[in-house]
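Chemist: One structure, as structure tokens, below. Some questions next.
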Amino acid sequence: MAASLLLPTSSKPQNPVPNPPKPRYSPTAKITCSSLTAQSQSAKRHLLSLISDQERGLSTQKDPAKRASIIEAIDALAVLGRDTVTTGDSLSATWRLLWTTEKEQLFIVENARLFGTQAGDVLQVIDVENRTLNNVITFPPDGVFFVRSGIEIASAQRVNFRFTSAILRGKNWEIPLPPFGRGWFESVYLDDEIRVVKDIRGDYLVVDRAPYSWKE
């Protein structure tokens with residue numbers, strides 16, 4: 001109705017346009033999304049292949065060329081994930097360490113045997129709703145060291161954190177330790193299997209979703 005008011009009137013009937021063309025819908029967006037997903041999966045498989053024999057990062061410390069290759073693969077995956085939001089509910093999980101450049105974590109993993117034990121799973125337990133983060137190193141069967149933090153969502157991919165306390169716990173004992181700092185990390189890639197992280201110190205972290213939920 002509105003369109004007819006805007007068109008000039010004529011005493012002669014207008015010749016209808018024979019077989020007006022049907023609108024064509026471009027599949028570009030769908031192809032682009034599918035293409036990005038395929039690229040992300042390929043880049044993820046490449047990264048996981050690179051870190052598969054690196055002992056959570058211990059071997060990488062002695063191999064600068066390997067480290068450079070892994071970081072290059074991380075950067076490639078970050079480019080593919082740069083427009084995604086990684087600080088929503090899907091960030092909440094018990095994440096298990098696959099690989100890192102964090103020297104403190106690797107030192108504990110490597111030297112736990114000096115204390116008559118060995119490091120088990122290294123975890124990052126995040127609860128977005130309750131704004132908490134626990135960094136956890138387990139020492140089976142009963143030992144654990146964990147650092148509690150409060151978190152704040154800063155952007156689509158960045159989380160700020162502040163350490164609040166730390167606990168070293170054995171079977172029948174525990175030692176409280178003081179909190180020691182704050183910082184941020186960015187989850188540059190996240191899906192239903194893994195998460196890839198860069199942090200304030202320039203360290204990198206690759207984790208997967210643990211098949212269990214860690215609780216204090």
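Heads up, the sequence shown is in UniProt numbering, so the first residue is 1 and it goes up one at a time.
Backbone N, C-alpha and C fix where the C-beta goes; we use that ideal spot for every residue, glycine too.
Roughly how many angstroms lie between the CA atoms of residue 179 and residue 164, to the nearest whole one?
Modeler: In the sequence shown, residue 179 corresponds to position 179, counting from 1. In the sequence shown, residue 164 corresponds to position 164, counting from 1. Going by the C-alpha atoms only, they are around 5 angstroms apart.
Chemist: Using the Cβ count rule (16 or more neighbours within 10 Å means buried), how would you classify residue 42?
Modeler: Numbered from its first residue, the sequence shown carries residue 42 at position 42. Looking at its Cβ environment, which holds fewer than 16 other Cβ atoms inside 10 Å, residue 42 is exposed.
Chemist: Nearest by alpha-carbon distance to residue 127: which of 117, 94, 64 and 102 is it?
Modeler: Here the question's residue 127 lines up with position 127 in the sequence shown. Of 117, 94, 64 and 102, the residue nearest in Cα terms is 94.
Chemist: How big is the Cα-Cα spacing for residue 197 and residue 181?
Modeler: In the sequence shown, the residue the question calls residue 197 occupies position 197. In the sequence shown, the residue the question calls residue 181 occupies position 181. Cα to Cα, the separation comes out at about 19 angstroms.
Chemist: Since residue 105 is in the alpha helix (DSSP H), which residue starts that stretch and which ends it?
Modeler: Numbered from 1 along the sequence shown, position 105 holds the residue referred to as residue 105. Note, residue 105: alpha helix (DSSP H), 103-111.
Chemist: What does residue 173 pair with, by DSSP beta-bridge criteria?
Modeler: Reading the sequence shown from its first residue, position 173 is the one you call residue 173. DSSP, once it has assigned bridges, lists no residue as partnering residue 173.
Chemist: Where does residue 131 sit, in a helix, a strand or coil, going by DSSP?
Modeler: Within the sequence shown, the letter at position 131 stands for residue 131. Residue 131 falls in the coil class under three-state DSSP.
Chemist: Reducing DSSP to helix, strand and coil, say where residue 121 ends up.
Modeler: Translated into positions along the sequence shown, residue 121 becomes position 121. Coil at residue 121, not helix or strand.
Chemist: My output table needs one value for residue 161: the three-state DSSP class, helix, strand or coil.
Modeler: Locating residue 161 in the sequence shown gives position 161, where the first residue counts as 1. Residue state, collapsed to three classes: strand.
Chemist: Is the separation between the beta-carbon of residue 85 and that of residue 156 shorter than 8 angstroms?
Modeler: Here residue 85 is taken as the residue at index 85 of the sequence shown, counted from 1. Here residue 156 is taken as the residue at index 156 of the sequence shown, counted from 1. Yes, the pair counts as a contact, with Cβ atoms nearer than the cut-off.
Chemist: Would you call residue 119 buried or exposed, if buried means 16 or more other Cβ atoms sit within 10 Å of its Cβ?
Modeler: Taking the sequence shown and counting its residues from 1, one reaches residue 119 at position 119. Buried is the call here.
Chemist: Using only the alpha-carbon positions, how far apart do residue 110 and residue 186 sit?
Modeler: Taking the first residue of the sequence shown as position 1, residue 110 is located at position 110. Taking the first residue of the sequence shown as position 1, residue 186 is located at position 186. When rounded, the distance between both Cα atoms is 26 angstroms.
Chemist: On the DSSP letters alone, give me the boundaries of the alpha helix (DSSP H) that residue 79 sits inside.
Modeler: The count along the sequence shown starts at 1 and reaches residue 79 at position 79. Residue 79 -> alpha helix (DSSP H) spans 64-80.
Chemist: From which residue to which residue does the beta strand (DSSP E) around residue 218 run?
Modeler: Limits of the chain in this structure are 1 at one end and 216 at the other, which puts residue 218 out of reach.
Chemist: Can you look up residue 208 in the DSSP assignment and give me helix, strand or coil?
Modeler: Position 208 of the sequence shown, counted from the start, is the residue given in the question as residue 208. Correct three-state label for residue 208: strand.
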